[in-house]
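Novice: Here the protein sequences come in this chain order: E and H.
Its first residue numbered 88, the first sequence is counted upward by one per residue in my numbering.
Its first residue numbered 505, the second sequence is counted upward by one per residue in my numbering.
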Amino acid sequence: MTATSSRARLVVFGAIVGVALIVAVAAVVLGGGKDPVAAGGARAVPVSRALVDAPHIVFRDTARGDAYGRVGIVPLSNPKARPAITGLTCDRVYVAGGRGLCLRAGRGVITTYRGIIFDARTFREERSFSLPGNPSRARVSADGKLVAYTVFVTGDGYNQIGFSTRTFIRDAATGRELAQLERFTTRRDGRVIHAANFNFWGVTFARDDNTFYATLGSGDKTYLVQGDIARREIKVLREGVECPSLSPDGTRIAFKQREGGGVGPVHWRPAVLDLSTLRARTLAETRNVDDQIEWYDDDHVSYGLPEGPSSPVTDVWKVPAAGGGRPERVISGAWSPAVVRGPATATYQPT
Amino acid sequence: MRNVPAEVMAAPGGEVLAAPAVRSGRRRIAVSRTVILLGLVSLFTDLSQEMVTAVLPLYLTYQVRLSPLQFGFIDGMYQGATALVRLLGGLLADRKERHKEVAATGYGASALCKLGLVAVGGAWLGTTAVLLVDRLGKGIRTAPRDALISLDSERAGLGRSFGVHRALDTVGAMLGPLAAFVLLAQLPGQYNTVFLISFSIALIGLGILILFVENRRNREPIDAEPAAPKEHVTLRSALGLFRITRFRMITLVGSGLGLLTISDAFVYLVIQRQTHLDVKWFPLLFLGTALAYLGFAVPIGRIADRVGRGRVFLAGHLALLGVYLVLRFVDLGAGAVLCTLLLFGLYYASTDGVLMALASPTIPERLRTSGFALITTGTATTRFMSSVAFGAIWVAWGPQAAMLIFLIGLAVMVPAAAIALRRHPEAAAA
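(1) Ordered along the chain, which non-local residues of its own chain (more than five positions away) have a Cβ less than 8 Å from that of E/V134?
(2) Who does E/T291 pair with in a DSSP beta bridge?
(3) Going by other Cβ atoms of all chains shown within 10 Å of its Cβ, with 16 needed for buried, is E/Q344 buried or exposed?
(4) Leaving out five residues on either side along the sequence, give the residues of the same chain with a beta carbon under 7 Å from the beta carbon of H/Y563.
(5) According to the neighbour-count rule (16 or more other Cβ atoms, all chains shown, within 10 Å of its Cβ), is H/A920 buried or exposed?
(6) Buried or exposed: which applies to H/G839, given that a residue is buried once 16 or more other Cβ atoms fall within 10 Å of its Cβ?
(7) Please confirm if H/V545 has its CB atom under 9 Å from at least one CB of chain E.
(8) Determine contact between the region 415-426 of chain E and the region 384-395 of chain E, defined as no fewer than three beta-carbon pairs at a distance below 8 Å.
(9) For H/L691, which residues of its own chain have a beta-carbon under 6 Å away from its beta-carbon, when the five flanking residues on both sides are left out?
(10) Taking CB distances under 9 Å as the criterion, tell me whether H/G792 reaches chain E.
(11) Tell me whether the beta-carbon of H/G667 lies closer than 9 Å to the beta-carbon of H/V858.
(12) Could you run through the region 898-912 of chain H and flag, in chain order, every residue whose CB is less than 9 Å away from some CB of chain E?
(13) Just by C-beta distance, which residues in the region 669-700 of chain H are closer than 7 Å to chain E?
(14) Look at the Cβ atom of H/L707, then the Cβ atom of H/E554, and state whether they are nearer than 9 Å.
(15) Closest Cβ-Cβ distance between E/L190 and chain H: below 9 Å?
(16) In whole angstroms, what is the alpha-carbon distance linking H/D598 and H/S614?
(17) With distance defined between alpha-carbon atoms, name the residue in H/D673, H/L652, H/G676, H/E718 nearest to E/R96.
(18) Can you list, in chain order, the stretches of the alpha helix (DSSP H) that have 4 or more residues and sit fully within the region 747-785 of chain H?
(19) Would DSSP call E/H387 helix, strand or coil?
(20) In the DSSP assignment, find the unbroken beta strand (DSSP E) run with E/N464 in it and report its ends.
(21) Hey, E/V427 and E/I144: beta-carbon distance below 9 Å or not?
(22) Could you compute how far the alpha carbon of H/T765 sits from the alpha carbon of H/T881?
(23) With distance defined between alpha-carbon atoms, name the residue in H/A924, H/S702, H/A900, H/I912 nearest to E/I280.
(24) Just list the residues that DSSP pairs E/C189 with in beta bridges.
(25) What would DSSP say about E/L380, mapped onto helix, strand or coil?
(26) Could you list which residues in chain H have their beta carbon closer than 7 Å to that of E/V110, in chain order?
(27) Going by Cα to Cα distance, which pick from H/A608, H/A861, H/I912, H/L636 is closest to H/F751?
(28) Which residue or residues does DSSP assign as beta-bridge partners of E/E320?
(29) Roughly how many angstroms lie between the CA atoms of H/A732 and H/G895, to the nearest whole one?
(30) Would you verify that the beta carbon of E/R96 is, or is not, closer than 9 Å to some beta carbon of chain H?
(31) Within 10 angstroms of its Cβ, does E/D276 collect 16 or more other Cβ (buried), or is it exposed?
(32) On the three-state DSSP scale, how would you describe H/T855?
(33) Pull up the DSSP beta-bridge partners for E/I256, would you.
(34) So E/G231 and E/A183 are in contact, right, with Cβ under 8 Å, and what is the actual spacing, rounded?
(35) Check whether chain E comes within 9 Å of H/L715, counting only Cβ atoms and requiring the distance to be less than that.
(36) Helix, strand or coil: how does DSSP classify H/Q937 here?
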């Protein structure tokens, strides 16, 4: 290497480092610019007493703007109205019976996760607890007595990229952990079954505050299971049901039905199962739904969908629960809808 | 080798000159400029790579929406393809005597893949295709890079050269996840920013390789290789390496031990299960092992040069056996976990680069890359098989049984390997 060529090399290397720096700075600046939290303006109206006393929808705001990730509220009578934005930031949120459950990730070098139980009228925190992984599903029982949540636990699978889930049930009033589904006895056709790769997720509560439905995943298969908190037992009802959601009248279960698979990406379509016959019917929505479905009313179900491919902005849609009809956009820039039909007072108080 | 006095090997740490110094009539071996440069190339590339690897599970699950099982399946198919290009790359590098250019192709492909991830925008088919190219790039570059290291090192200092390279490599691997999570904490969900910054870091590594690293040619004395030096390197001549007893034994021993090596993911998983460690601390286990590896890499490489690389390679597997014993029989407390990570880092330091240093003198220079490619294909394949087997046993009979089976297997395999290497003492002390 001669002196000149050596100098030339250093110059070229300097240029490469320069280009690398420009790319890195541009990436941060553009990435920051595209950050939904940084872009857009305020669109919120304040949370009023009248709003939470009337039937309303609580959701996670995902519109571009400084309210991204906050909990928003719109009246059920006019869901297209400008949302009221609360001070609560969550990755998943759900409210029922006057109580809310908010799952939140504190991102950092070591990311920490917390679950927060809040008053669904004031949106003030009542108690909180640490979560063992990334939030996935949150539900509150109809009377606000129980909360259930699912988290992804990284590194728990046996291939490097493996994900597995853990699902917990807590007493909302005291915060006490009542159950971890993985520790329940699981039966199929009366026989006890167990495997290391069992995963449970997506609890939905029945009115009695003891029965619940959830998903059991094992290998590539998913099952609808029915659980009994007092007896700490779970029984398998049917194959091919993910993320169940019990209808307000308790007769049907809306769920995500897996389609395709193989080497392609997972595609889920919303479907409704009749609990008396265990027969399912797919709904008119054909896009990929990866949200725990919420009953909008006795005749419609609602769910979140990304605005475009891999967009952080999502919309809440609804579709008839009996099949047929067409999907209809209900709220723009929203995720994780929870429909509150009665007044938002806690109907259950600990004795 | 065994009779070389200690002070000969113990060159001062700051000594990084290319030319071997001469002192009191004895040659003092220094780490060559090429080795340091290649170490820096690996540092930047690993930094870039690990940034992406750290966020990939999140990205694939939340943005691409691929299930873990599907990714596992695709990943398995890629393994086969990687083995093939590894060998092809090795042959090409040897045949054209262009190790640097072949390595640069691999590094370049992986760098471009970071841009590719941005370009395909989370479409699943595009993303998996980009990841395939990325794996292929890694498959291509490893053997020619290690060949450059070995060809540019004094035979007596091979262990230390590989130790220095792996230490620098590990620094990058440790900083990568840290950088990625700091970025994602500042810009949540902005995976493209992570990918672009990863690309710019890879570019610097590639620049160092292309601009400053040079191929070495025909340095080997004629008498070491009686065959006609101009003979074309073909698949046949590469496979002909297996006729060299020492090379055959080393490949066999390395691959055989690979069958009983539990992947780090499983080791951390067992620790986490036993200690009920909060999952958020999971990255610390990786960090602890990497720190131990980083600390041990150079001293162990030097010791290997002095007492014999075969011995150190086997001793490294005894450290692994220690890991298994602790995990299987000790009630894990903080001390035991720390001890496990130290032993695990020691295992990496005594085996990864040392195996290459051990094999180097058994492979003629003109076939060095192909030889490395054959060995790494063997060990990578058996380690993959071991992961599948360990996972299957875990699911069927539980982690305790799986640990015990691998423990017994390794306890039998290490003495067997020692006997195999002892029969060919040049290999043990090479």
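A virtual CB, placed ideally from N, CA and C, is assigned to each residue, including glycine.
Specialist: According to the data block:
(1) Taken in chain order, the residues that qualify are I160, A171, I172, T173, F210.
(2) E/Y300
(3) buried
(4) Y695
(5) exposed
(6) exposed
(7) Chain E contact via Cβ: absent.
(8) Because the criterion of three Cβ pairs below 8 Å is met, the region 415-426 of chain E and the region 384-395 of chain E touch.
(9) T697
(10) no
(11) yes
(12) Residues W898, V899, A900, G902, P903.
(13) L682, F685, V686, L688, A689, L691, P692, G693, Q694, N696, T697, L700
(14) Going by C-beta atoms, H/L707 is not nearer than 9 Å to H/E554.
(15) no
(16) 22 Å
(17) Here the closest residue by C-alpha is H/E718.
(18) If one requires a minimum length of 4 residues, the alpha helix (DSSP H) runs lying completely within the region 747-785 of chain H are 749-762, 768-779, in chain order.
(19) strand
(20) Chain E is shown only over 88 to 438; residue 464 of chain E falls outside these bounds and no answer can be derived.
(21) yes
(22) If you draw a straight line from the Cα of H/T765 to the Cα of H/T881, it comes to about 15 Å.
(23) If we check each option's Cα against that of E/I280, H/A900 comes out closest.
(24) E/V180, E/I203
(25) For the record, residue 380 of chain E in the displayed sequence is Ile; it is not Leu. The answer is coil: DSSP assigns E/I380 none of H, G, I, E or B.
(26) Chain-ordered, the chain H residues with CB closer than 7 Å to the CB of E/V110 read L700, F703, S704.
(27) H/A861
(28) Paired residues: E/T272, E/D315.
(29) Confidence at H/A732 is low in this model, with a pLDDT of 48, below 50, so the placement of that residue should be treated as unreliable; the coordinate-derived value is given next. When rounded, the distance between both Cα atoms is 48 Å.
(30) yes
(31) With fewer than 16 other CB atoms across the displayed protein chains lying within 10 angstroms of its CB, E/D276 is exposed.
(32) helix
(33) Paired residues: E/A235, E/A266.
(34) 6 Å
(35) For H/L715, the nearest beta carbon of chain E is closer than 9 Å to its own beta carbon.
(36) As shown, chain H starts at 505 and ends at 934. That puts residue 937 of chain H outside it, with no answer to give.
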